[in-house]
Amino acid sequence: KGIGFESPRGPIQIDPETRDIVQNLYIRQVRKVGDGLRNVVVDKVEKVKDPGSAGKK
4 KGIGFESPRG PIQIDPETRD IVQNLYIRQV RKVGDGLRNV VVDKVEKVKD PGSAGKK
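First residue of the sequence shown: 4, per this note's numbering; consecutive thereafter.
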């Protein structure tokens, strides 16, 4: 059960029990690239659930 699809932010799933979104969390750092500043992904935490719904059913 549950729905999953590919979004602009990466893979997303809907938790079938809580109906909350489960998605990857990208850790970014601002770095100078060329003549400007850019957000650069430095790490990724996969399948992060909403911490505010812990214990909620």
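Glycine included, each C-beta is placed from N, C-alpha and C at the ideal position. Computed from a prediction, not measured in an experiment: that's the story for all the values here.
*Whole-angstrom distance between residue 47 and residue 8, CA atom to CA atom*: By 1-based counting over the sequence shown, the position of residue 8 is 5. By 1-based counting over the sequence shown, the position of residue 47 is 44. Taking the straight line from one Cα to the other gives about 18 Å.
*Confirm, please, whether the CB-CB distance from residue 12 to residue 26 is below 8 Å.*
Taking the first residue of the sequence shown as position 1, residue 26 is located at position 23. Taking the first residue of the sequence shown as position 1, residue 12 is located at position 9. Yes, these two residues count as a Cβ contact at 8 Å.
*Give me whichever residues DSSP pairs with residue 9 in a beta bridge.*
Mapped onto the sequence shown, residue 9 falls at position 6. DSSP, once it has assigned bridges, lists 14 as partnering residue 9.
*Check whether the Cβ atoms of residue 39 and residue 19 lie closer than 8 Å to each other.*
Reading the sequence shown from its first residue, position 36 is the one you call residue 39. Reading the sequence shown from its first residue, position 16 is the one you call residue 19. Result no, Cβ atoms of residue 39 and residue 19 do not sit closer than 8 Å.
*Inter-residue Cα distance where the pair is residue 37 and residue 53*: As a working mapping, residue 37 is identified with position 34 in the sequence shown. As a working mapping, residue 53 is identified with position 50 in the sequence shown. Cα-Cα distance, rounded: 36 Å.
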